[in-house]
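J.: As numbered in the working numbering, residues 513 to 924 make up the sequence shown, in order.
Cβ atoms here follow ideal geometry from the backbone N, Cα and C, with glycine treated the same way.
What you are looking at is a predicted structure, and each value in this text was computed from that prediction instead of being measured.
Before we start, here is the structure in question, set down as structure tokens.
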Amino acid sequence: MSVLVMKFGGTSVATLDRIHRAAKRVAVEVAKGHEVIVIVSAMAGKTNELVGWVNETSPMYDAREYDAVTSSGENVTAGLMALRLQEMDIPARSWQGWQVPVQTTSAHGAARIEDIPPENIRAKFAEGMKVAVVAGFQGVSPEGRITTLGRGGSDTTAVAFAAAFDAVRCDIYTDVDGVYTTDPRICEKARKLDRIAFEEMLELASLGAKVLQTRSVELAMRYKVKLRVLSSFEEQSDDAGTLVCDEEDIMESNVVAGVAYSRDEAKMTLISVADRPGIASAIFGALADASVNVDMIVQNISEEGRTDMTFSCPNDQVMRAEKAVEAARERGDIRFNDLVTDTGVAKVSVVGIGMRSHTGVAADMFKALAAEGINIKVITTSEIKISVLIDRKYMELAVQALHDAFGLDKAA
């Protein structure tokens, strides 16, 4: 039989009624002849509650016990889903990460999946089980301890199972009905995409789109897992949602697939840095050691042996970044005259595989922003992406202007 993976996020299993609704969707796929692996998240809000309990109990907590506590929400959902399916006369049982086993690294709180041996679940399918309900977000370390995969980890769990079991597809059920050209809350003209390429989805996810976790898209692209994003709250048809697939599986697409944004960005500039070999390594090595997630980097033209170095990072990492570069200066690793921080910026990006074969995308983007009087502070590009930093107060206007400029409300 073919295996289908279905993942239900926290809002999709937030109450017993919603678990029942999700179970009905599973029953439809079982009736089609699939052996189904259901990956479940904790009920909406439960993980935050558990994290709060840990922090209140032990602010300097043991990461191993943090994982033991925060992984328990998925265990509850998995058990309740299995019970509901059994009440519907569907042979089902729940599985925790260690029972599968989902083998991970020992990096508690941010573990990575290393292997999912399929033998245990396949054996139960052979004995008549129709649905394996697996607790997402969790695994087991080589030392036998429970681990968690980081926020959004259930998406990664689902894709990893689809790869391990050579599933026909991995359906991600969430509170939106697919992937849109941009955030519909900002741009009312946003259009749901029928299909999007892995690379485009990966860029959109990394740039701020919240539909799928970045690591899950990376896995799907590597193992060619077809992903479908659907709503848990709407009636479904065979072509519902958005299919994330290979570029070759898309007949025609717009040059630009979507506009992404990240609201909470900061721009930091080291003024008058000594321009010498190894200076970039010294600066960004110090930031990396402090776990600062640097994104956009721009170096000015050197004059008289001095240059300015500008980079962006999340707003909540500014203090960490400032301490890291000041410590590097005190050690004598780097020399600069001043550090200027701007926490009032946002990043807006256009993404599309069509950029590879079409010219003028950057010119059109900059023209659209200029027409709205929006000044660009920093620009970075890749093969299928152009990102700019702008004043945060213009972010929504920029998203709307770029959506219109590239005609994203119209299908290719």
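Hey, Thr819 and Val785 are a contact pair by Cβ (cut 8 Å); roughly how many whole angstroms apart?
T.: Right, the Cβ-Cβ distance comes to about 6 Å (below 8 Å), so this counts as a contact.
J.: Suppose contacts are defined by Cβ-Cβ distances below 7 Å. Is Gly725 in contact with Asp687 by that definition?
T.: Sequence inspection shows Gln at residue 725; the Gly mentioned does not correspond to that position. No. Outside cutoff.
J.: Just how far apart, CA to CA, sit Thr694 and Thr855?
T.: Approximately 24 Å between the Cα atoms of the pair.
J.: Label Asn632 either buried or exposed according to how many other C-beta atoms from any shown protein chain fall within 10 Å of its C-beta, with 16 as the threshold for buried.
T.: Exposed is the call here.
J.: Could you compute how far the alpha carbon of Ile628 sits from the alpha carbon of Ala778?
T.: Their backbone Cα atoms lie some 39 Å apart in a straight line.
J.: Which complete beta strand (DSSP E) runs does the stretch 768-794 hold, if anything under 3 residues is left out?
T.: 770-786, all fully within the stretch 768-794.
J.: If I follow the unbroken beta strand (DSSP E) through Gln811, where does it start and stop?
T.: Per DSSP, Gln811 belongs to the beta strand (DSSP E) from 809-811.
J.: Measuring CA to CA, which of Phe745, Glu586, Asp921, Arg576 is closest to Val645?
T.: The shortest Cα separation from Val645 among Phe745, Glu586, Asp921, Arg576 belongs to Glu586.
J.: With a CB to CB cut of under 6 Å and the five nearest residues on each side skipped, what residues in its chain are close to Arg832?
T.: For Arg832, where only same-chain residues beyond five positions count, the Cβ hits under 6 Å are Ala802, Val804.
J.: Compare the Cα-Cα distances from Val737 to each of Arg904, Val691, Ser728 and report the closest residue.
T.: It is Ser728.
J.: What is the DSSP secondary structure of Asp801, reduced to helix, strand or coil?
T.: Three-state DSSP puts Asp801 in a helix.
J.: Taking contact to mean 3 or more Cβ pairs, one atom from each stretch, closer than 8 Å, check whether the stretch 556-568 and the stretch 618-628 are in contact.
T.: The stretch 556-568, when compared against the stretch 618-628, does not touch it at the 8 Å Cβ threshold.
J.: How long is the line joining the alpha carbons of Asn812 and Asp850, rounded to whole angstroms?
T.: About 15 Å.
J.: In the DSSP output, what is Cys682 paired with across the bridge?
T.: Partner(s): Val517, Leu739.
J.: If you draw a straight line from the C-alpha of Ala923 to the C-alpha of Thr871, how long is it?
T.: The alpha-carbon atoms of Ala923 and Thr871 are separated by roughly 20 Å.
J.: Under 7 Å, do Cys699 and Gln829 count as touching if we go by C-beta distance?
T.: Result no, Cβ atoms of Cys699 and Gln829 do not sit closer than 7 Å.
J.: Between the Cα of Asp579 and the Cα atoms of Ala679, Arg663, Lys879, which residue gives the shortest distance?
T.: The candidate whose alpha carbon is nearest that of Asp579 is Arg663.
J.: Taking only runs of the alpha helix (DSSP H) that begin and end inside the stretch 626-712, which ones reach a length of at least 4 residues, in chain order?
T.: The stretch 626-712 contains these whole alpha helix (DSSP H) runs: 631-638, 665-676.
J.: Need the endpoints of the beta strand (DSSP E) that Leu755 sits in, please.
T.: Per DSSP, Leu755 belongs to the beta strand (DSSP E) from 754-757.
J.: Name the DSSP bridge partner or partners of Met821?
T.: In the DSSP output, where bridge partners are listed per residue, Met821 has Leu782, Gln811.
J.: Three or more beta-carbon pairs under 8 Å between the stretch 670-686 and the stretch 590-603, yes or no?
T.: Output reads no: the stretch 590-603 does not touch the stretch 670-686.
J.: Determine whether the beta carbon atoms of Lys704 and Asp921 lie at a separation below 7 Å.
T.: No.
J.: Determine, using beta carbons only, whether Ala769 and Val652 come nearer to each other than 7 Å.
T.: Cβ distance not < 7 Å, so Ala769 and Val652 don't count as in contact.
J.: Measuring only the C-alpha atoms, how far is Ala590 from Met572?
T.: Answer to the nearest angstrom: the Cα atoms are 30 Å apart.
J.: Taking all protein chains shown into account, do 16 or more other C-beta atoms lie within 10 angstroms of the C-beta of Trp607, making it buried, or fewer, making it exposed?
T.: It counts as buried.
J.: DSSP on Gln725, reduced to helix/strand/coil?
T.: Coil.
J.: Taking all protein chains shown into account, do 16 or more other C-beta atoms lie within 10 angstroms of the C-beta of Tyr735, making it buried, or fewer, making it exposed?
T.: With fewer than 16 other Cβ atoms within 10 Å, it is exposed.
J.: Who pairs with Ser583 in a beta bridge, going by DSSP?
T.: The partner list for Ser583 (beta bridge, DSSP) is empty, contrary to what the question assumes.
J.: Quick check: Thr660 and Gly621, are their CB atoms within less than 7 Å of each other?
T.: A contact, by the Cβ cut-off of 7 Å.
J.: Looking at the strands, I want to know which residues DSSP matches up with Asp903.
T.: Answer by DSSP bridge pairing, in chain order: Val857.
J.: What are the uninterrupted segments assigned as alpha helix (DSSP H) that are 4 or more residues long and contained completely in the stretch 530-582, given in chain order?
T.: Those alpha helix (DSSP H) runs which fall completely within the stretch 530-582 and span 4+ residues are 558-569, 575-582.
J.: Identify, in the order they occur along the chain, each residue of the same chain with its Cβ nearer than 6 Å to the Cβ of Thr523, setting aside the five sequence neighbours on each side.
T.: Ala556, Asp687, listed in sequence order.
J.: Can you have a look at Ala732 and say buried or exposed, based on whether 16 or more other CB atoms are within 10 angstroms of its CB?
T.: Buried is the call here.
J.: Can you tell me which of the three DSSP states Thr589 falls into?
T.: Of the three classes helix, strand and coil, the one that applies to Thr589 here is helix, per DSSP.
J.: Return the chain-ordered list of same chain residues with a C-beta closer than 7 Å to the C-beta of Arg904, the five sequence neighbours on each side being excluded.
T.: Excluding positions up to five away in sequence, the list reads Arg775, Gly856, Val857, Ala858.
J.: Once the 5 residues before and after Ile510 are set aside, which same chain residues still bring their CB inside 7 Å of it?
T.: Limits of the chain in this structure are 513 at one end and 924 at the other, which puts residue 510 out of reach.
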